[in-house]
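>
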Amino acid sequence: MSTARDLALVALGLPPDRAVEQGDLSLALAGAEAVDLLESGALSLDGDHMVPGPLVATGDRLLDQAAASLVRREPYETVEDWLWRHGRGLAAAYADDLERAGLVAHPPGHGFRLRFARTVPADSQERRGAEERRLSGEPVLAALTAAAGIGEDPSDAGENLTGDAVTTVVAAVGDVVTQLEAVRLRLEIENAAFDNIWRA
């Protein structure tokens, strides 16, 4: 299993009261894909710029799409720019992909509203593997789950990472998730101010 699929399974396994923001998860999934591409040799970093390597079929459709989406001419994209561009809608893409693979299911008892029910990970070897990896505190998954708002404080999660490239990617994920939260807060404040104007 890839880091991204493990992260998606962990996020989908959260109880409804701990659900993660889709945007945060999408950005963390893009970061997980970047880590997987680094490990496969399909990507290297030059500072914070993503330098694509040879296209290598991974057997994972979404990871292959991630590799194909890398900018293959100079100036190469920064990690942060790629996370914003590639992360858009990625959480939904992973949920759909995992459902097609039979790795997530709808809870029983939803009748005709099944299509709109929340999906949960099916009891599978893949789900158990993702959960074991999370519980073991594996540094990359721990840092990405923390950045997505699952688990421990993000400032502590990246301390055990090895490799400058992985550390750069995980730090960029933390930065873009923080930027997204700032945008959300700004919009909430603007909407509240607009509502107050209409009430006055």
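Taking full-length UniProt numbering, the leading residue of the sequence shown gets 1, the next gets one more, and so forth. C-beta: ideal position from N, C-alpha, C; glycine also.
Here's a check: name, in chain order, each residue in its chain whose Cβ is nearer than 8 Å to the Cβ of Leu-45, leaving out the five neighbours to either side.
If we look at Leu-45 and ignore the five residues flanking it on each side, its Cβ neighbours are Leu-38, Val-51, Val-79, Asp-164, Ala-165, Thr-168, Val-169.
> Three or more C-beta pairs closer than 8 Å, one from the stretch 2-15 and one from the stretch 168-186: is that the case here?
These segments do not touch.
> Below 6 Å CB to CB, which residues in the same chain sit around Gly-47 once its five sequence neighbours on both sides are set aside?
Contacts found: none.
> As a quick exercise: from Asp-123, Val-177, Asp-64, pick the residue whose alpha carbon is nearest that of Ala-4.
Of Asp-123, Val-177, Asp-64, the residue nearest in Cα terms is Asp-64.
> Starting from the Cα of Gly-137, find the closest Cα among Gly-151, Gly-174, Arg-100, Ala-66 and give me that residue.
Selected option, being the one with the closest Cα: Gly-151.
> For Thr-145, count neighbouring C-beta atoms within 10 Å of its own C-beta (all shown protein chains included) and say buried if the count is 16 or more, exposed if not.
The residue in question, Thr-145, is buried, as its Cβ has 16 or more Cβ neighbours within 10 Å.
> As an exercise, report each continuous beta strand (DSSP E) stretch of at least 3 residues that is fully enclosed by the stretch 137-191, in chain order.
Counting whole runs of 3 or more residues, the stretch 137-191 contains no beta strand (DSSP E) stretch at all.
> How long is the line joining the alpha carbons of Ser-26 and Gly-87, rounded to whole angstroms?
So the two alpha carbons sit approximately 5 Å from each other.
> Between the alpha carbons of Leu-55 and Gly-41, how many angstroms are there, rounded?
Taking the straight line joining both Cα atoms gives about 9 Å.
> Determine the DSSP secondary structure at Ala-19, reduced to helix, strand or coil.
It is coil, neither helix nor strand.
> Measuring straight from C-alpha to C-alpha, what distance separates Pro-139 and Val-35?
Straight-line Cα distance between these residues: approximately 12 Å.
> Using the C-alpha atoms, what's the distance from Val-176 back to residue 202?
With the chain running from 1 to 200 in the structure shown, residue 202 is simply not present.
> Beta-carbon within less than 7 Å of Leu-90's beta-carbon, same chain only, minus the 5 sequence neighbours each way: which residues are those?
Closer than 7 Å at Cβ, skipping near neighbours: Ser-26, Leu-29, Ala-30.
> Specify the secondary structure class of Leu-9 as computed by DSSP and reduced to three states.
Helix at Leu-9.
> Determine the extent of the alpha helix (DSSP H) in which Asp-46 is found, giving its start and end residues.
Note, Asp-46: premise wrong, no alpha helix (DSSP H); beta strand (DSSP E) at 43-46.
> If you follow the alpha helix (DSSP H) that Val-51 is in, where does it begin and where does it stop?
First-last for Val-51: 49-52, but that is the beta strand (DSSP E), not the alpha helix (DSSP H).
> Please classify Ala-95: does DSSP put it in a helix, a strand, or coil?
If DSSP states are grouped into helix, strand and coil, Ala-95 belongs with the helices.
> Rounded to a whole number of angstroms, what is the C-alpha to C-alpha distance between Glu-33 and Arg-134?
If I take the Cα positions, the gap works out to 17 Å.
> Quick one: using the 10 Å Cβ neighbour count with 16 as the cut-off for buried, is Ala-8 buried or exposed?
Buried, since its Cβ has 16 or more Cβ neighbours within 10 Å.
> Below 8 Å between beta carbons: does that hold for Val-20 and Ala-147?
No, the pair does not count as a contact, with Cβ atoms beyond the cut-off.
> Look at residue 204 and Val-173 and say whether their C-beta atoms are less than 8 Å apart.
Outside the shown range of the chain (1 to 200) lies residue 204, about which nothing can therefore be said.
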